[in-house]
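**Student:** In case it helps, this note's numbering puts the first sequence at residues 1 to 569.
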Amino acid sequence: MSDYKDGVKMSENKESLNFIEQIITDDLKEGKNDGRVHTRFPPEPNGYLHIGHAKSICLNFGLSQTFQGKCNLRFDDTNPVKEDVEYVDSIREDVHWLGFDWEDREFFASDYFEKLYQMAVKLIQKGKAYVCECSPEQIREFRGTPTVPGKESPYRNRPVEESLDLFQRMRAGEFEDGKYLLRAKIDMASPNMHMRDPIIYRIRHTHHHRTGDAWCIYPMYDFAHGLSDYIEGITHSVCTLEFEVHRPLYDWFLDQLAEANSRPRQIEFARLNMTYTIMSKRKLLQLVEQNHVDSWDDPRMPTISGLRRRGYTPDSIRKFAERIGVAKRENIIDVSLLEFSIREDLNKKANRAMAVLNPLKMVITNYPEGEQEILEAINNPEKPEEGKRKVPFSREIYIERDDFMEDPPKKFFRLAPGREVRLKYAYIIKCEDVVKDENGEIVEIRCTYDPTTKSGTGCKKKVKSTIHWVNAPTAIDAEVRLFDRLFLNENPDVAEDGKDFTSNINSDSLNILEHCKLEPSLNGAASGQGFQFERLGYFCVDSKLSSPESPVFNRTVTLKDSWAKINKK
RNA sequence: UGCCCGAUGGUGUAAUGGCAGCACGACAGUUUUUGGUACUGUUUGUCUAGGUUCGAGUCCUGGUCGGGCAACCA
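This is the structure in structure tokens:
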């Protein structure tokens, strides 16, 4: 069951509010913003969205749902050299897929370029901004350091008229990149670096993915972001912790330029970090460009598109976001919590099927040759309404190589010479013989079956283990891709001296198995459709590589495996 | 050595001056034709030193530790 119904968060069994919900509740009590709650999700279209963005999306859209407000999608596209429409498209798709709807409120910071320009003009007129001619080196030098105050620019007291004229000519394209800058006139001695006459416009003769060549000056984040919030009537501007020191500047622009009585309020929360995972767009881009992964939607990537292709459901990701909570403390979430969330979801939703990844041929010597019978299998024990399906059975089947041991340790319950196990939905069989090739490798197991132990006939006989299998003559051949963590260490961001994070990459994160055997009901499974392969894990049809003629499945996540633990001891 | 922020079990997150709870993990058990699921139980925590108070995880002061801030990035 989804936790969302009619767009309203249903899990109101939670009795405590996170600190942002608390702030909004208090604001509402004080009658701020005429009782409105309006948030926004503001990605820069310079990369694909990842699980950290999912936290922010769930937060912002979730806030609008719990307070019956609105949430905008706004592309923060003020730096044309890094941005692209490819990213815009993927962001739209990913937010929708997660289950959120911004209705007709899709905006771009670039929509406001004219308004922002006019606001900048107003700032100059008020004597609160000036056109500066410092070089990048001079800017750096004059800025000072956190412990040393900055020095004022020689252009700081340029007459208003002159700044106005220059700014207008900057826009008109009279100057080359870097020749002039527009800066806010605040305080070069401020203990907050961001208040030391920050740059608000720079010249960049670059084609913009939306405005084309209409502009050659572009506003900086601090100027554009808060004012875009203001223009859209945002009430609560939620962002991550690193923007905390920007807040005084955010408020300063509003103090100078806001006229309406409703003003946005910036609130910062701690971004998501996850073990064995990299969460920076820049580094994710590097993984793609250096071919450490195939693409942004490689199933090993922590991107939303990667998780989707891996077999994660929107519900599982939203549940995960709810579980990890929202606070201001730096955090590192164990990736096993994400895995728990998808197992929990798929356990209830995914139909079961039998598949053998590493096939070992078994011949049931006392089963009549050439005969086949049809057995019934339960589609989902958690959902009886899913009913049953037919599974063929005959003299020759495949079992999992791991389910047989010639010389088993004490706690191994599965098949071994002389031992009995149940074949799921079929019969109890006994291993009579092991056939090996000239290298001593086991190539076939010969068994006998007990016809009185057929499943569903009320057989009382108990065996220690039930194993899955696939009927050999009707088996579908498939490729199955197993994934391991992309990084070897818990915190891949920190690498050994002199090395970058790519030195932590797990070179063995992709394991492609050919000629896996699937039960025939899996024929025609839809792209992206998820299944539980009994005893193995959750798998889905790969949306890019699979075809009806040669199916490809991705393993989303294994089942919890207590045997693996016992085996390790 | 400036400014800002933070600190609750292994990992997260609640407790709004009044019994430190929940989830995940770990461990043990019950059920089971998935060594899955479900269920039960166990385990481990308020950074530190003072202060205010009948009472402090919560308020105050000092310290310690961690994070952020010096792109014409966002």
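Heads up, the beta-carbon is just placed ideally off N, CA and C, and yes, glycines get one too.
When the Cβ atoms of the segment 42–61 are set against those of the segment 295–306, are three or more pairs found closer than 8 Å?
**Tutor:** Yes, since at least three Cβ pairs between the segment 42–61 and the segment 295–306 fall closer than 8 Å, the two stretches touch.
**Student:** By the three-class DSSP mapping on this structure, what secondary structure does residue 250 have?
**Tutor:** Residue state, collapsed to three classes: helix.
**Student:** Helix, strand or coil for residue 531 per DSSP?
**Tutor:** Strand.
**Student:** Would you say residue 238 and residue 276 are within 8 Å of each other, going by their C-beta atoms?
**Tutor:** In this structure, residue 276 does not lie closer than 8 Å to residue 238 by Cβ.
**Student:** Tell me, please, which residues DSSP counts as bridged to residue 145.
**Tutor:** 148, per the DSSP bridge assignment.
**Student:** Give me the residue from 315, 25, 478, 385 with the minimum Cα distance to residue 356.
**Tutor:** For the residues 315, 25, 478, 385, the minimum Cα distance to residue 356 belongs to 478.
**Student:** Counting only runs that start and end within the segment 259–338, where is the beta strand (DSSP E) found for 3 or more residues in a row?
**Tutor:** With a minimum length of 3 residues, the continuous beta strand (DSSP E) runs that stay inside the segment 259–338 are 265–269.
**Student:** Take residue 546 and list the residues in its own chain whose beta-carbon comes closer than 8 Å to its own, dropping the five residues that flank it on each side.
**Tutor:** Correct list, in chain order: 527, 552, 553.
**Student:** Do residue 64 and residue 95 have their CB atoms nearer than 8 Å?
**Tutor:** Going by C-beta atoms, residue 64 is not nearer than 8 Å to residue 95.
**Student:** Output the distance between the C-alpha atoms of residue 123 and residue 34, rounded to the nearest integer angstrom.
**Tutor:** Spanning the two alpha carbons is a distance of roughly 28 Å.
**Student:** Might you give, ordered along the chain, the residues of its own chain that have their beta carbon closer than 7 Å to the beta carbon of residue 423, omitting 5 neighbours on each side?
**Tutor:** Result list for residue 423: 429, 467, 469, in chain order.
**Student:** Which full runs of the beta strand (DSSP E) of 3+ residues lie inside the segment 95–161, going along the chain?
**Tutor:** As far as the segment 95–161 is concerned, its whole beta strand (DSSP E) runs of at least 3 residues are 106–108, 129–132.
**Student:** Roughly how many angstroms separate the alpha carbons of residue 129 and residue 114, rounded to a whole number?
**Tutor:** Looking at the two C-alpha atoms, the distance is approximately 17 Å.
**Student:** Whether or not the segment 430–439 and the segment 341–360 are in contact is what I'm after, with contact meaning three or more pairs of Cβ atoms, one per stretch, closer than 8 Å; do they touch?
**Tutor:** Verdict: no, contact absent.
**Student:** Could you say if the segment 66–76 and the segment 97–109 meet the contact criterion of at least three C-beta pairs nearer than 8 Å?
**Tutor:** Short answer: they touch.
**Student:** Considering only C-alpha positions, which residue in the set 420, 97, 341, 195 is nearest to residue 223?
**Tutor:** Comparing Cα positions, the closest option is 195.
**Student:** Over what stretch of residues does the beta strand (DSSP E) that includes residue 65 continue unbroken?
**Tutor:** No beta strand (DSSP E) holds residue 65; the alpha helix (DSSP H) holding it covers 51–66.
**Student:** Three Cβ pairs or more, each shorter than 8 Å: is that satisfied between the segment 156–175 and the segment 224–233?
**Tutor:** In short, these stretches do not touch, since the Cβ pair count stays below three.
**Student:** Report yes if the C-beta distance between residue 602 and residue 77 is below 8 Å; otherwise report no.
**Tutor:** Outside the displayed range of the chain (1 to 569) lies residue 602, so it cannot be described from this structure.
**Student:** Taking the straight line between their C-alpha atoms, what separation do you get for residue 567 and residue 404?
**Tutor:** About 14 Å.
**Student:** Which term fits residue 17, buried or exposed, when burial requires 16 or more other beta carbons within 10 angstroms of its beta carbon?
**Tutor:** Exposed, by the Cβ-count rule.
**Student:** What are the complete beta strand (DSSP E) segments, minimum 3 residues, inside the segment 362–422?
**Tutor:** You should have 372–378, 388–394, 396–400.
**Student:** Report all residues from its chain with a CB closer than 8 Å to the CB of residue 544; omit the five preceding and five following residues, and keep chain order.
**Tutor:** Here the set comprises 297, 309.
**Student:** Please classify residue 397 as buried or exposed, where buried requires at least 16 neighbouring CB atoms within 10 angstroms.
**Tutor:** Label assigned to residue 397: buried.
**Student:** Run through DSSP, which three-state label would residue 166 get?
**Tutor:** The answer is helix: DSSP assigns residue 166 an H, G or I state.
**Student:** I'd like to check one pair, residue 279 with residue 52: are the Cβ atoms closer than 8 Å?
**Tutor:** Yes; because the gap between Cβ atoms is below 8 Å, this pair is in contact.
**Student:** Just to confirm the assignment: which complete beta strand (DSSP E) runs, minimum length 3, are found wholly within the segment 174–256?
**Tutor:** Entirely contained in the segment 174–256, the beta strand (DSSP E) runs reaching 3 residues are, in chain order, 181–184, 199–203, 217–219, 236–240.
**Student:** How is residue 359 classed by DSSP in three states: helix, strand or coil?
**Tutor:** Here residue 359 sits in strand by DSSP.
**Student:** Using the beta-carbon count (16 or more within 10 Å), is residue 531 buried or exposed?
**Tutor:** Residue 531 is buried by the Cβ-count criterion.
**Student:** Suppose the cutoff is 7 Å on Cβ atoms and the five residues either side in sequence are ignored; what does the same chain contact list for residue 88 look like?
**Tutor:** Contacts found: 45, 75.
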